[in-house]
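Student: This is the structure I have questions about; it appears just below.
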Amino acid sequence: MNLSNKTESNWEEFYANQKPPADLENSKKLLQQFVQKNSKVVLVTSGGTTVPLEHNTVRYVDNFSAGTRGSVSAEYFLEHGYAVIFLFRVKSLEPFARHFIGQKFLDMLVLNEQNALKNNKLLQICFTTLSEYLWLLRAACEVLKPLNNQALLYLAAAVSDFYVPSNEMSVHKIQSTTVPNLSLHLVPKILKPLVSLWVPNAFVISFKLETDENLLISKARKALNNYKHSLVIANMLQNRKQQVVMVTANEDYKINLTQEQLNNGEEIEKYIVADVVNKHEQSIIKN
């Protein structure tokens, strides 16, 4: 398996060469209808993407993510009065359905979910592959663009860094009788067109996961400098459920849960979302 000598793919080239999902037009209609009924909308992306190695896919590379942060955050955004587009990986965690505790508690959560759906406050659209995710992300942005600064993007999905272009993919199952020679290409940095072209007035949040604490803030700041978006939520793999760092152009600060809060079942996403909502409201007032 080789990494192509070519630098990261041009985003326009990527879309030109990767087929859209078969149901893309239907998804666009659902998105359009949903946004027309709501004025303040958050797009939450969640879960990991797969990179197929064959057109008739048997083997694939998976960027695994359970979807915890996205699904939990979606529930708290609903509590804050946002309409939520939840773009998620098939079989990853979903808002409300992620709770499998006592039946009485589960019944209450099902009722909350039904209320959200009935009031047109929650739209769930799923993806599996990297290509499906990026097509649906662009479609969602096109629909959100007219909302200007009322739109919030909370990009928590774990997106693959590499892919096999469609024209270089084997049609059938790669045989194990020979050593495969796969050429991986870098996925285009979609944040660049997203921030500058697709939703230039939206409040855009990306996430940064690291295992080396010495790199965490610098890499988050580098992303902000490169893409000019609103906020990076950075965290270490080891303590991601207990601490995050909120990084803006002007400051960085931590949101922590104490051990007691963790033991009591509190979720850090409650405080992350409250902070994000405050920042979004301030941004709307300023602009």
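So for the sequence shown, our numbering puts the first residue at 50; every next one is plus one. From the three backbone atoms N, C-alpha and C, an ideal C-beta is built for every residue, glycine too. Nothing here was measured: the structure is a model prediction, and the numbers come from that model.
1) Taking DSSP as the reference, what is the three-state secondary structure of Gln-82?
2) Using the Cα positions of Lys-335 and Val-213, report the straight-line distance between them to the nearest angstrom.
3) Could you pull the DSSP bridge partners for His-278 from this structure?
4) Taking DSSP as the reference, what is the three-state secondary structure of Arg-289?
5) Once DSSP output is grouped into helix, strand and coil, what is the label at Phe-126?
6) Would you mind stating whether Gln-292 and Asn-299 have Cβ atoms separated by less than 8 angstroms?
7) How about Gln-67 and Ser-209: do their beta carbons lie closer than 8 angstroms?
8) Three-state secondary structure (DSSP) at Val-93?
9) Does DSSP put Gln-308 in a helix, a strand or coil?
10) Between Tyr-320 and the rest of its own chain, which residues show a CB-CB distance below 7 angstroms, the 5 nearest in sequence each way excluded?
11) Please state the DSSP three-state secondary structure of Pro-249.
12) To the nearest whole angstrom, what separates the beta carbons of Tyr-131 and Lys-89, a pair I think is in contact under 8 angstroms?
13) For Phe-83, does the count of other Cβ atoms within 10 angstroms reach 16, so buried, or fall short, so exposed?
14) Am I right that Ala-205 and Phe-256 are in contact with their C-beta atoms under 8 angstroms? What's the rounded C-beta distance?
15) Considering just the uninterrupted stretch of the alpha helix (DSSP H) at Phe-137, what are its terminal residues?
16) Taking only three categories from DSSP, how would you classify Leu-243?
17) Let me make sure I understand the geometry here. Which of Phe-176, Phe-63, Met-295 has the alpha-carbon closest to that of Val-322?
18) For Gln-308 and Tyr-302, what's the separation of their Cα atoms in angstroms?
19) Is there contact between the stretch 252-268 and the stretch 70-87, where contact requires at least three CB pairs shorter than 8 angstroms?
20) Which word fits Leu-286, buried or exposed, when buried means at least 16 other C-beta atoms lie within 10 angstroms of its C-beta?
21) Classify Gln-199 as helix, strand or coil using the three-state DSSP reduction.
22) Going by DSSP, what residue range makes up the beta strand (DSSP E) through Val-100?
23) Using DSSP bridges, identify the partner residues of Cys-190.
24) Can you tell which of Ile-239, Cys-175, Ile-317 has the C-alpha that lies nearest to the C-alpha of Lys-77?
25) I'd like to know whether the C-beta atoms of Glu-315 and Leu-306 end up nearer to each other than 8 angstroms.
26) Among residues of its own chain, excluding the 5 on either side of Leu-171, which ones have a beta-carbon nearer than 8 angstroms to its beta-carbon?
27) In the DSSP output, what is Glu-259 paired with across the bridge?
28) Taking the Cβ atom as the reference point for each residue, do Val-244 and Lys-277 lie within a distance shorter than 8 angstroms?
29) Taking C-alpha atoms, which residue in Gly-97, Pro-101, Leu-92, Val-91 lies nearest to Leu-233?
Tutor: Taking the definition as stated:
1) Counting from 1 along the sequence shown, the entry for residue 82 is found at position 33. Helix.
2) By one-based count along the sequence shown, residue 335 stands at place 286. By one-based count along the sequence shown, residue 213 stands at place 164. Distance between the alpha carbons of Lys-335 and Val-213: 43 angstroms.
3) By 1-based counting over the sequence shown, the position of residue 278 is 229. Its beta-bridge partners do not exist; DSSP assigns none.
4) On the sequence shown, residue 289 is found 240 positions in, with the first residue counted as 1. In the structure shown, Arg-289 sits in coil (DSSP, three-state: anything other than H, G, I, E or B).
5) Taking the first residue of the sequence shown as 1, we reach residue 126 at position 77. Note: Phe-126 maps to helix in three-state DSSP.
6) Within the sequence shown, residue 292 is the residue found at index 243, counting from 1. Within the sequence shown, residue 299 is the residue found at index 250, counting from 1. Cβ distance not < 8 angstroms, so Gln-292 and Asn-299 don't count as in contact.
7) In the sequence shown, residue 67 corresponds to position 18, counting from 1. In the sequence shown, residue 209 corresponds to position 160, counting from 1. No. Outside cutoff.
8) Numbered from 1 along the sequence shown, position 44 holds the residue referred to as residue 93. It is a strand residue.
9) Within the sequence shown, numbered from 1, the residue matching residue 308 stands at position 259. The answer is helix: DSSP assigns Gln-308 an H, G or I state.
10) Within the sequence shown, the letter at position 271 stands for residue 320. Ile-304.
11) Here residue 249 is taken as the residue at index 200 of the sequence shown, counted from 1. In this structure, Pro-249 counts as coil in the three-state DSSP scheme.
12) As a working note, residue 131 is residue 82 in the sequence shown. As a working note, residue 89 is residue 40 in the sequence shown. About 6 angstroms; that satisfies the 8 angstroms criterion.
13) For the purposes of this step, residue 83 is taken as residue 34 along the sequence shown, with counting starting at 1. Residue environment: Phe-83 is assigned as buried (16 or more neighbouring CB atoms within 10 Å of its CB, all protein chains considered).
14) Here residue 205 refers to the residue found at position 156 of the sequence shown. Here residue 256 refers to the residue found at position 207 of the sequence shown. Correct: roughly 6 angstroms between the Cβ atoms.
15) Within the sequence shown, residue 137 is the residue found at index 88, counting from 1. No alpha helix (DSSP H) holds Phe-137; the beta strand (DSSP E) holding it covers 132-138.
16) Position 194 of the sequence shown, counted from the start, is the residue given in the question as residue 243. Three-state result, Leu-243: helix.
17) As a first step, residue 322 must be located in the sequence shown, where it is residue number 273. Measuring from the Cα of Val-322, the nearest candidate turns out to be Met-295.
18) Counted from its first residue, the sequence shown places residue 308 at position 259. Counted from its first residue, the sequence shown places residue 302 at position 253. If I take the Cα positions, the gap works out to 19 angstroms.
19) no
20) Here residue 286 refers to the residue found at position 237 of the sequence shown. Exposed is the call here.
21) Your numbering for residue 199 matches position 150 in the sequence shown. Here Gln-199 sits in helix by DSSP.
22) Your numbering for residue 100 matches position 51 in the sequence shown. Counting along the chain, the beta strand (DSSP E) containing Val-100 begins and ends at 99-101.
23) Numbered from its first residue, the sequence shown carries residue 190 at position 141. Beta-bridge pairing links Cys-190 to no other residue.
24) Numbered from 1 along the sequence shown, position 28 holds the residue referred to as residue 77. Residue Cys-175 is the option with its Cα nearest to Lys-77.
25) As a first step, residue 315 must be located in the sequence shown, where it is residue number 266. As a first step, residue 306 must be located in the sequence shown, where it is residue number 257. It is a contact, given that the beta carbons lie within the stated cut-off.
26) Residue numbering aside, residue 171 sits at position 122 when the sequence shown is read from its first letter. Counting only Cβ-Cβ distances below 8 angstroms, and skipping sequence neighbours, we find Ala-123, Leu-127, Ala-132, Val-133, Phe-135, Pro-144, Glu-162, Ala-165.
27) Position 210 of the sequence shown, counting from 1, holds the residue named residue 259. Glu-259 is bridged to Met-285.
28) Mapped onto the sequence shown, residue 244 falls at position 195. Mapped onto the sequence shown, residue 277 falls at position 228. Yes, they are a contact pair.
29) One-based indexing of the sequence shown puts residue 233 at position 184. For the residues Gly-97, Pro-101, Leu-92, Val-91, the minimum Cα distance to Leu-233 belongs to Pro-101.
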